[in-house]
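In the numbering used here, the protein residues as written are 23 to 113.
Here's what the structure looks like:
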């Protein structure tokens, strides 16, 4: 995830006028850019699936009984979700 993000960041421009054309440039002109982009997107989805499975496992085994640990985990989950929202949805 980090490696594909670095490769994508080398060719991406965050300027609002050229952001879409830079994504098109990554998919068309960069060698295997389309593959790097899809690996990055699918890796992020798999990461969130693993997070949700981890929460489900905690619910199944009753880890929510340890309130301090559970609340820290929930705060970390919200922080990860907020980071993903700020980094992927808003730009």
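Note that the Cβ used here is the ideal one computed from N, Cα and C, for glycine as well.
Here the structure is a predicted model, which is why all the values come from computation and not from measurement.
Requested in this report: Would you decide whether residue 94 is buried or exposed? Buried here means 16 or more other CB atoms lie within 10 Å of its CB.
Outcome: exposed
Alpha carbons only, please: which of 37, 43 and 57 is nearest the one belonging to residue 29? 57
Quick one: using the 10 Å Cβ neighbour count with 16 as the cut-off for buried, is residue 62 buried or exposed? buried
Practice task
Please state whether DSSP places residue 38 in a helix, a strand or coil.
Solution key: coil
* Asked: Where does residue 59 land, buried or exposed, given buried means 16+ other C-beta within 10 angstroms?
  -> Buried, by the Cβ-count rule.
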